Amino acid sequence: MGLVIHEELVNQETGEALKALCPFGAISYENGKLEINAACKNCKMCVRKGPVGVITYEEEKVELINKDDYKGVCVYADIDHGQTHKVTFELIGKAKELAAVINHPVYALVIGHQTKKNVEELLSYGVDKVFAYDHEGLKDYDIEKYTNCFADFISRIKPSSILVGATNVGRSLAPRVAARFHTGLTADCTKLEMKENTDLVQIRPAFGGNIMAQIINPNHRPQFATVRYKIFNAPKKVENPS
Ligand code: SF4
Numbered sequence: 008m009g010l011v012i013h014e015e016l017v018n019q020e021t022g023e024a025l026k027a028l029c030p031f032g033a034i035s036y037e038n039g040k041l042e043i044n045a046a047c048k049n050c051k052m053c054v055r056k057g058p059v060g061v062i063t064y065e066e067e068k069v070e071l072i073n074k075d076d077y078k079g080v081c082v083y084a085d086i087d088h089g090q091t092h093k094v095t096f097e098l099i100g101k102a103k104e105l106a107a108v109i110n111h112p113v114y115a116l117v118i119g120h121q122t123k124k125n126v127e128e129l130l131s132y133g134v135d136k137v138f139a140y141d142h143e144g145l146k147d148y149d150i151e152k153y154t155n156c157f158a159d160f161i162s163r164i165k166p167s168s169i170l171v172g173a174t175n176v177g178r179s180l181a182p183r184v185a186a187r188f189h190t191g192l193t194a195d196c197t198k199l200e201m202k203e204n205t206d207l208v209q210i211r212p213a214f215g216g217n218i219m220a221q222i223i224n225p226n227h228r229p230q231f232a233t234v235r236y237k238i239f240n241a242p243k244k245v246e247n248p249s
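If you read the sequence shown in my numbering, its first letter stands for residue 8, the second for the next number, and so on.
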């Protein structure tokens, strides 16, 4: 929505008045037609000071999501030639801390081929559940196929937060999946905190590292964050993983 012109109230007098009023020259009135062009700075002067009701500002209606529909902190397991990248274990450690705040389970998502060994390894680090998309067609990284698997996982399981290692694969996959769900992604987080309302506080340097930005996604799920290798510590392995 935004600025709305009510044509029925546009005439020579109101059109000329609005044209003269706009401080950015964004309003034109020609041949009986009132228009707002790209120079508009949304200052709303025309709404407040212009002839009453000719231009109004309509707020966009935001549909609030139900955060209770989303559960779990998920780690994408980056597997390269059969080896799980170590950043995955570091993210599991952080996911466990974050999930404990909101009493959510910790998930891992595996996409690849012959991943049984990787799944067992992930479970040994205390992940509650591993979801594996295992097929010979997924042996090598393919952005379309991997995105489809990732999206299928999100649609079915609805995790609240997803942590992805900032590897070559993670950097290419995470934004694409986030875009499919019209949700945000914060790249290269250096700190992550969890609010009790399940909002993930994603902290990263901004403006050349001069400030630390805290980013939250209050009305979108899942929340995506990528983290580089060696930012967090890997947790100890658990005995008798379930
Ligand atoms: S909102 Fe401000 S800039 Fe935009 S058309 Fe109205 S007066 Fe001009």
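The C-beta atom is built at its ideal place from N, Cα and C for all residues, glycine as well.
Here the structure is a predicted model, which is why all the values come from computation and not from measurement.
DSSP has residue i in a bridge; who is on the other side?
| i | result |
| --- | --- |
| A139 | V117 |
| L170 | V82 and A232 |
| K68 | DSSP output for K68 lists no bridge partner at all. |
| T21 | Partner(s): none; T21 has no beta bridge. |
| E127 | None, per the DSSP bridge assignment. |
| I2 | Residue 2 is absent from the structure shown; the chain starts at 8 and stops at 249. |
| E37 | K40 |
| T193 | A232 |
| D87 | Q90 |
Judging by CA-CA distance, which residue of the options is the nearest neighbour of residue i?
| i | options | result |
| --- | --- | --- |
| L71 | I34, N226 and A185 | N226 |
| E250 | L41, A33, F31 and N217 | Limits of the chain in this structure are 8 at one end and 249 at the other, which puts residue 250 out of reach. |
| A106 | H120, Y77 and K244 | Y77 |
| V176 | T95, P166 and K244 | T95 |
| F31 | N49, N38 and Q209 | N49 |
| Q121 | C53, L130 and H88 | H88 |
| K103 | D135, I222 and C29 | D135 |
| A185 | C196, I161, G215 and Y114 | I161 |
| Y83 | S131, I223, I118 and G215 | I118 |
| N247 | L130, E203 and I34 | L130 |
| D159 | G172, Y148, F188 and Q221 | F188 |
| A220 | A241, D206, P242 and T197 | T197 |
| G133 | H142, K101 and T154 | K101 |
On the DSSP letters alone, give me the boundaries of the beta strand (DSSP E) that residue i sits inside.
| i | result |
| --- | --- |
| M201 | K198 to M201 |
| K40 | K40 to I43 |
| I218 | I218 to I222 |
| I150 | First-last for I150: I150 to I164, but that is the alpha helix (DSSP H), not the beta strand (DSSP E). |
For my contact list, residue i and residue j are in at a C-beta cut-off of 8 Å; report their separation, rounded to the angstrom.
| i | j | result |
| --- | --- | --- |
| S179 | Q230 | With 8 Å as the limit, S179 and Q230 do not qualify as a contact, their Cβ atoms being about 19 Å apart. |
| C156 | L145 | 7 Å |
| P58 | L25 | 7 Å |
| Y36 | C81 | At roughly 55 Å, the Cβ-Cβ gap does not stay under 8 Å, so Y36 and C81 are not in contact. |
| L28 | C53 | 6 Å |
| L98 | F239 | 7 Å |
| H13 | V61 | 6 Å |
| D195 | T233 | 6 Å |
| T190 | R211 | Not confirmed; about 17 Å, so no contact. |
Quick check on the DSSP output: the alpha helix (DSSP H) that includes residue i runs from which residue to which?
| i | result |
| --- | --- |
| P212 | That residue, P212, is in no alpha helix (DSSP H); its beta strand (DSSP E) goes L207 to A213. |
| L10 | Unbroken run through L10 is the beta strand (DSSP E), G9 to I12; no alpha helix (DSSP H). |
| I99 | K93 to I109 |
| N180 | The identity of residue 180 in the sequence shown is Leu, whereas the question assumes Asn. Segment N175 to R187, the alpha helix (DSSP H) holding L180. |
| C53 | M52 to K56 |
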